[in-house]
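S.K.: Numbering (the working numbering), first residue to last: 1 to 239.
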Ligand code: FPP
């Protein structure tokens, strides 16, 4: 069975999971963190080297202040509680997304996680936090424009690889498989550039219910896909 090297997940449906049980949304996010923990373990055991999780989007700032504070608190708790364990299992942790607008204590925790696990290579866990693809592309374009304005770069020489290199994901391979839970079928500003040739699997389950069986379902679906990257297939049919 073909296993993807990189899986990226849009963890959607915490709120609806909680609502279906008559619980507050915060309970859904807490259950979401449990699912996240198990998923890191399950994905690692499946031999997948890269896992990217969409934990907080640049658009999530428009949620009620109490929910934003819950999500910030959960990230802090996750790093404080799980970092040592992730490190022991050889997981390299890093974050993509805008850092400048995050609270200093969160920035510090993110730095600590990245520094501690820098030398690990059993598995890579990428948390997209305060992440939005358009924001990331704008920041990358701004960087290249500054180089050009300073006379260090000829605009005519800019290639797709150079823009890839100016993104937060510069040394991260593109995702082979993008999974979204909760039945919604859209990217919501997640890895727009990097998803050019990704396969998509949309699952009806809410994120807190995403378990080993759901992961296996997504992996089986991926294994059945024929990826042509814009070329022709084995029989010569154009993709
Ligand atoms: C979608 O549920 C989920 C999120 C907003 C982010 C995912 C967050 C977690 C898994 C918990 C936080 C983890 C960390 C490490 C910060 P939703 O609220 O959009 O669900 P709904 O669409 O049903 O309302």
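All C-beta atoms in this analysis are idealised placements derived from N, C-alpha and C, irrespective of residue type, glycine included.
Per DSSP, residue 92 forms a beta bridge with which residues?
M.R.: DSSP lists 124 as partners of residue 92.
S.K.: Is residue 229 buried or exposed, if buried means 16 or more other CB atoms sit within 10 Å of its CB?
M.R.: exposed
S.K.: Grouping DSSP H, G and I as helix and E and B as strand, with all else coil, what is residue 145?
M.R.: helix
S.K.: In the DSSP assignment, what residue or residues form a beta bridge with residue 201?
M.R.: Beta-bridge pairing by DSSP links residue 201 to 179.
S.K.: In this structure, what does DSSP give as the bridge partners for residue 56?
M.R.: In the DSSP output, where bridge partners are listed per residue, residue 56 has 129.
S.K.: Once DSSP output is grouped into helix, strand and coil, what is the label at residue 102?
M.R.: coil
S.K.: Per DSSP, what are the beta-bridge partners of residue 207 in this structure?
M.R.: None, per the DSSP bridge assignment.
S.K.: Give a yes or no on whether the C-beta atoms belonging to residue 129 and residue 97 are separated by under 8 Å.
M.R.: yes
S.K.: Leaving out five residues on either side along the sequence, give the residues of the same chain with a beta carbon under 6 Å from the beta carbon of residue 117.
M.R.: 87, 92, 93
S.K.: Grab me the residues of residue 218's own chain with a C-beta within less than 6 Å of its C-beta, minus the 5 sequence neighbours each way, in chain order.
M.R.: Within the same chain, residue 218 has close Cβ partners 179, 201.
S.K.: Cα-Cα, which of 2, 104, 28, 135 is closest to residue 188?
M.R.: Looking at the Cα atoms, 135 is the closest of the given residues.
S.K.: Tell me the rounded alpha-carbon separation between residue 176 and residue 221.
M.R.: Taking C-alpha positions only, residue 176 is separated from residue 221 by approximately 12 Å.
S.K.: Consider the C-beta atom of residue 11 and the heavy atoms of the ligand FPP; say whether any pair is separated by less than 7 Å.
M.R.: Yes, the beta carbon of residue 11 sits closer than 7 Å to at least one heavy atom of the ligand FPP.
S.K.: Can residue 16 be considered in contact with the ligand FPP, in the sense that its beta carbon sits closer than 7 Å to one or more heavy atoms?
M.R.: The answer is yes for residue 16.
S.K.: Considering residue 152, what are the terminal residues of the alpha helix (DSSP H) in which it resides?
M.R.: Careful: residue 152 lies outside any alpha helix (DSSP H) and carries neither H nor E.
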